[in-house]
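Participant: Pasting in a structure now, in C-alpha cells, and then I'll have a few things to ask.
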Amino acid sequence: MNNKLKTIYLTVSLLFLCVACNNDDDGAVTVTLSDLEVTLDENPQEGDPVGIVQTDVSTTNFNIVSQAPAGALNIDGSTGELTVANAALFDFETHPTITATVTADNAENSTSITINLNNVNEVSGQNLEVTIDENPAEGQVIGSLQTIGNASGFAITSQTPSGAMGIDFNSGELTVLDAALFDFETNPVLTATVSIEDADNPVTVTVNLENVIEVTAQDLTVSIDENPTDGQVLGTVQANSNSTLAFSFTSQSPMGAMAIDAATGELTVIDPNLFDFETNPVITAEISVTDGAETATAMATINLNDVDEVSATNTDLTIDENPSNGDVVGTIQASGSNVTYTITFQNPAGAFTIDQNTGELSVADETLFDFETNPNMLATISVSNGTETVSANAFVELNDLNEIGEFKYGGVIFWIDPASNNSEGLVCAISGLTVNAWGCSGILTGASGSGIGTGETNSEAIIAAGCIPSAALSISNLDWNGYDDWFLPSVDEFNEIAINYDDYIAPTILANGGSALFSTVWTSTEVNANDAYIAFLGGSAPIALPKNSANFTVLPIRSFTDF
C-alpha cells in the first residue's frame, strides 16, 4: 500500500442474519455492505489503493454505480478494493471530497464511499526572461524567480556560459557572478536552468543583453585657408575607449583629399589641389573608430577660407582634324583678376595661338592638325595677374575624319559622300585582277548605270544574268583584307579613282604593299548586249569594247559606312 495513503477503516459490526426457512425460501444468502470513509493526501498516483469495501459475508461483483467526480475511482469486482483511476481529479483545490456508491451481488444495501483529501503544499515556478545592458557590475541583481507555493531550495543546475550567474538558495534572486561573461559581442543571450525543491519541473532563465556603445568619437570642425601644402596637419579626431583604437575613412568628399593616421586619428592634406575654395569650399569625411569589437563614427568638416588667387584648370579639348587657320579650338578655364594668357610650350610647335586676354586657343597652322600625324596635341598656358602665375595644360584630341587617299575599310578611300557627314563612301583595292572577258556577250543584263553609286547594282545585275565567267562574278568571289563584298566600279566611279590616283591613291597603294594599277580597266557599265565600257587612268573618255574582249584588268571596289 502507498505510504502516502492513510486509510481509516470503520469498524462495523457484522450482523449475522438468521435465514428463516419457509415454503417460499429459495436458500439465498443476504449480504450487508458497510460504508467506507478514508482520508489521504491529494495528488496520488494512478493505481494507488484507496480502501476495501467491507461485507458481513463473502460476495463478488462489486460495482460502482455512481461517483463524483466521474471517473475518479476504479473497483476490483472480486475483492471490492478501490483504486485511483484518474489522479488529476484528486486535487484538493478542485475536489476536496470524492464520493461514490458501490453495490455487490446479493447485497441488501448499497454502500457510500467518502474520500477526504488532505491539502498538500504544491510548488511551481515561472520561467524568467529579462533584458539588461551588457557590462553589468558583479553582484548586480538580474531578477527573482516567481513561484506558486512556499518555495525554497533554488539551485542552478546548468547555465550558458558556465559561471555567469548565481542564485540565492532561499529567495530565488539571480545575480551577476562573472561580469566579463555579460558581453554582447560574445554572449548576446545567457541562459540557465533552475531547480526548486518540491517543484515537479525546473524553470528556464533567459537574459538578453543590450548592445552598449563602448567607443565614443567626437566630430571635428576646422577652418583653414585654401591651397594648403601637401602633408599639412588639419586636426585630430578625439575618441575614447578602454582599448586600442584604429581610425579609418569610410568616405570623404572629394575623394582623396585627406589622409588619416590609423593609430592617432590625425588628419593631413594629401592632395592640395582639392583644397580649392572655388571648387570645394567645404571638405568632409566620415571616420570609423573601432577597438575591434565596437565601432563609433565621427564627421570631419574642413571649411576653406577664400584666398585671392590665380588659378587655371587643365582642359581637354576635341576637334575634327583638318580645321582652317583661325578656327577656335577652345578656351582655357582660369580665374583671377586682370589675368593674361601666354603659350609657354606646344607640341607640335607652332600649332596654336592664344588670345592673351580671354585664353581662347585657335589654330595657327592648319597643316599640323592631321590625325594621321598628330592625333594628340598639347599646349601649356601660363596664366598671370602680374603677381602670381600658374600654368595649365590644354590637351587637344583630333577626331579622325575619312579622307581621300586613306587606307581604311579594306582599301583606299577614293570618294566620300558629301551628304553623309563624312561617314559613307567608296574604297578601291590596292591591286587589280586580270580577267578573260567582261562576260555575258550577246546578253543584255541591265547593268546600264554609269553614275557614282551604281557599280554595286550593275555587278548584281551581271551576276543575276547567270553569265559564267564574268568580271563581276570574279570580283564577288574575292575575300580581300577581311571583306568579301567587292564589286565592279561604274564608269563615273572609276573616273573618281582616275582623278585622285596620282596625288592620293597611288602613294597609299604602294605604301601598303599594293601594286600600280593598269591604265585600262573594265567598268561595270554595259553599253548593249554585246559591248561594255572600259575606262582609263589617264583621264581619257571611256570607250565601248566587245564584252568578250580578253585579258583586261578589273579593279575591285566596295562601299563603306563609318558608324
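In this note's numbering, the protein residues as written are 311 to 873. All residues carry an ideal CB built from backbone N, CA and C; glycine is no exception.
Determine whether the beta carbon atoms of Phe464 and Asp478 lie at a separation below 8 Å.
Facilitator: In the sequence shown, residue 464 corresponds to position 154, counting from 1. In the sequence shown, residue 478 corresponds to position 168, counting from 1. In this structure, Asp478 lies closer than 8 Å to Phe464 by Cβ.
Participant: When DSSP labels each residue in this structure, what does Ser869 get in the three-state scheme?
Facilitator: Counting from one through the sequence shown, the residue named residue 869 turns up at place 559. Strand.
Participant: Measuring only the C-alpha atoms, how far is Ala782 from Ala757?
Facilitator: Stepping through the sequence shown from its first residue, residue 782 is reached at position 472. Stepping through the sequence shown from its first residue, residue 757 is reached at position 447. Approximately 11 Å, taken between the alpha carbons.
Participant: Nearest-angstrom Cα distance between Gln364 and Gly390?
Facilitator: Here residue 364 corresponds to residue number 54 of the sequence shown, with the count starting at 1. Here residue 390 corresponds to residue number 80 of the sequence shown, with the count starting at 1. About 8 Å.
Participant: Measure the alpha-carbon distance for Ile844 versus Trp748 and round it to whole angstroms.
Facilitator: The residue given as residue 844 occupies position 534 in the sequence shown. The residue given as residue 748 occupies position 438 in the sequence shown. Distance between the alpha carbons of Ile844 and Trp748 is about 10 Å.
Participant: Where does Asn810 sit, in a helix, a strand or coil, going by DSSP?
Facilitator: Here residue 810 refers to the residue found at position 500 when the sequence shown is read from its first residue. Asn810: helix per DSSP, three-state reduction.
Participant: When DSSP builds the beta bridges, which residues end up paired with Trp790?
Facilitator: In the sequence shown, counting from the first residue as 1, residue 790 sits at position 480. Paired residue(s): Tyr793.
Participant: Please report the distance separating the alpha-carbon of Lys718 from that of Ile612.
Facilitator: Taking the first residue of the sequence shown as 1, we reach residue 718 at position 408. Taking the first residue of the sequence shown as 1, we reach residue 612 at position 302. C-alpha separation (whole angstroms): 55 Å.
Participant: Are the beta-carbon atoms of Thr699 and Thr668 separated by less than 8 Å?
Facilitator: To locate residue 699, count along the sequence shown from 1; it is residue 389. To locate residue 668, count along the sequence shown from 1; it is residue 358. In this structure, Thr699 lies away from Thr668, with their beta-carbon atoms at least 8 Å apart.
Participant: Please report how far the alpha carbon of Ala489 lies from the alpha carbon of Ala447, in whole angstroms.
Facilitator: As a working mapping, residue 489 is identified with position 179 in the sequence shown. As a working mapping, residue 447 is identified with position 137 in the sequence shown. Going from the Cα of Ala489 to the Cα of Ala447 covers about 6 Å.
Participant: Starting from Ser769, trace the alpha helix (DSSP H) both ways and give me its first and last residue.
Facilitator: Taking the sequence shown and counting its residues from 1, one reaches residue 769 at position 459. It spans 765 to 774 - the alpha helix (DSSP H) in which Ser769 sits, taken as one unbroken run.
Participant: Is the beta carbon of Asn460 sitting closer than 8 Å to the one on Glu352?
Facilitator: Position 150 of the sequence shown, counting from 1, holds the residue named residue 460. Position 42 of the sequence shown, counting from 1, holds the residue named residue 352. Going by C-beta atoms, Asn460 is not nearer than 8 Å to Glu352.
Participant: With burial defined as no fewer than 16 other Cβ atoms inside 10 Å of the residue's Cβ, what is the status of Thr654: buried or exposed?
Facilitator: Translated into positions along the sequence shown, residue 654 becomes position 344. With fewer than 16 Cβ atoms within 10 Å of its Cβ, Thr654 is classed as exposed.
Participant: May I ask you to list the residues that DSSP assigns as paired with Met568?
Facilitator: Along the sequence shown, read from residue 1 onward, the residue named residue 568 stands at position 258. According to DSSP, which records beta bridges pairwise, Met568 is partnered with Val579.
Participant: Along the alpha helix (DSSP H) that carries Ile819, what are the first and last residues, could you check?
Facilitator: On the sequence shown, position 509 is the one that residue 819 refers to. 816 to 821 is the extent of the alpha helix (DSSP H) around Ile819.
Participant: Would you report the Cα separation of Asp335 and Asn416, rounded to the nearest angstrom?
Facilitator: Translated into positions along the sequence shown, residue 335 becomes position 25. Translated into positions along the sequence shown, residue 416 becomes position 106. Low confidence applies to Asp335: its pLDDT is 43, below 50, so where it sits in the model is not reliable, and the reading given next is rough at best. The alpha-carbon atoms of Asp335 and Asn416 are separated by roughly 15 Å.
Participant: Residue ranges of each beta strand (DSSP E) run of no fewer than 3 residues wholly in the region 675 to 704, ordered along the chain?
Facilitator: Here the runs fully enclosed are 686 to 694.
Participant: Is it buried or exposed for Ile458, if we count other Cβ within 10 angstroms and need 16 for buried?
Facilitator: What you label residue 458 is simply residue 148 of the sequence shown in a count that begins at 1. So Ile458 ends up on the exposed side.
Participant: Which residues share a DSSP beta bridge with Asn635?
Facilitator: Stepping through the sequence shown from its first residue, residue 635 is reached at position 325. Answer is none; Asn635 lacks a bridge partner.
Participant: Locate the beta strand (DSSP E) running through Asn426, then write down its first and last residues.
Facilitator: Residue mapping note: residue 426 aligns to position 116 of the sequence shown, counting from 1. Segment 421 to 428, the beta strand (DSSP E) holding Asn426.
Participant: So the candidates are Asn521, Ala502, Asn518, Leu519; which of them puts its Cα closest to the Cα of Pro512?
Facilitator: Walking along the sequence shown from the start, residue 512 turns up at place 202. Of Asn521, Ala502, Asn518, Leu519, the residue nearest in Cα terms is Ala502.
Participant: For the beta strand (DSSP E) holding Asp841, just list the boundary residues, first then last.
Facilitator: For the purposes of this step, residue 841 is taken as the residue at position 531 of the sequence shown. Per DSSP, Asp841 belongs to the beta strand (DSSP E) from 841 to 846.
Participant: Under a Cβ-count criterion, where at least 16 other Cβ atoms within 10 Å of its own Cβ denotes burial, should Ala704 be classed as buried or exposed?
Facilitator: Counting from one through the sequence shown, the residue named residue 704 turns up at place 394. With 16 or more Cβ atoms within 10 Å of its Cβ, Ala704 is classed as buried.
Participant: Based on Cα-Cα distance, which residue from Asn746, Phe679, Pro799 lies nearest to Cys777?
Facilitator: Position 467 of the sequence shown, counting from 1, holds the residue named residue 777. Selected option, being the one with the closest Cα: Asn746.
Participant: Cα separation between Gly473 and Leu487?
Facilitator: Sequence index remark: in the sequence shown, residue 473 carries index 163 (1-based). Sequence index remark: in the sequence shown, residue 487 carries index 177 (1-based). Gly473 and Leu487: Cα-Cα distance of roughly 7 Å.
Participant: Starting from the C-beta of Gln666, find all residues in its chain whose C-beta is less than 8 Å away, skip the five residues before and the five after it, and write them out in chain order.
Facilitator: Here residue 666 corresponds to residue number 356 of the sequence shown, with the count starting at 1. So the list reads Thr650, Tyr651, Thr652, once near-sequence residues are dropped.
Participant: Since Val302 and Ile466 are thought to touch, with beta carbons under 8 Å apart, how far apart are those beta carbons, to the nearest angstrom?
Facilitator: One cannot answer for residue 302 here, as it falls past the ends of the chain, which runs 311 to 873.
Participant: Assign Ile642 to one of three DSSP states: helix, strand, or coil.
Facilitator: Taking the sequence shown and counting its residues from 1, the one referred to as residue 642 is at position 332. The answer is coil: DSSP assigns Ile642 none of H, G, I, E or B.
Participant: Give me the residue from Thr470, Val433, Met475 with the minimum Cα distance to Val451.
Facilitator: For this step, residue 451 is matched to residue 141 along the sequence shown. Here the closest residue by C-alpha is Met475.
Participant: For Val329, which residues of its own chain have a beta-carbon under 6 Å away from its beta-carbon, when the five flanking residues on both sides are left out?
Facilitator: Position 19 of the sequence shown, counted from the first residue, corresponds to residue 329. Annotation note: pLDDT 32 at Val329 (below 50); position unreliable, coordinate value reported separately. Here the set comprises nothing.
Participant: Classify Asp802: buried if its beta carbon has 16 or more other beta carbons within 10 angstroms, exposed otherwise.
Facilitator: Taking the first residue of the sequence shown as position 1, residue 802 is located at position 492. Buried, because 16 or more other Cβ atoms sit within 10 Å of the Cβ of Asp802.
Participant: Between Thr594, Thr833, Thr690, which has its C-alpha nearest Ala610's C-alpha?
Facilitator: Against the sequence shown, residue 610 aligns to sequence position 300. Closest option to Ala610, Cα to Cα, is Thr594.
Participant: Between the beta-carbon of Ala382 and the beta-carbon of Asn396, is there less than 8 Å?
Facilitator: Translated into positions along the sequence shown, residue 382 becomes position 72. Translated into positions along the sequence shown, residue 396 becomes position 86. Yes. Within cutoff.
Participant: Let me check one thing: in DSSP terms, what residues is Asn648 bridge-paired to?
Facilitator: In the sequence shown, the residue the question calls residue 648 occupies position 338. Assignment of beta-bridge partners to Asn648 by DSSP yields no partner.
Participant: Quick one: grab the DSSP three-state call for Ile753.
Facilitator: Here residue 753 corresponds to residue number 443 of the sequence shown, with the count starting at 1. Three-state result, Ile753: coil.
Participant: Could you compute how far the alpha carbon of Val341 sits from the alpha carbon of Ser388?
Facilitator: Position 31 of the sequence shown, counted from the start, is the residue given in the question as residue 341. Position 78 of the sequence shown, counted from the start, is the residue given in the question as residue 388. Rounded to whole angstroms, Val341 to Ser388 spans 14 Å at the Cα level.
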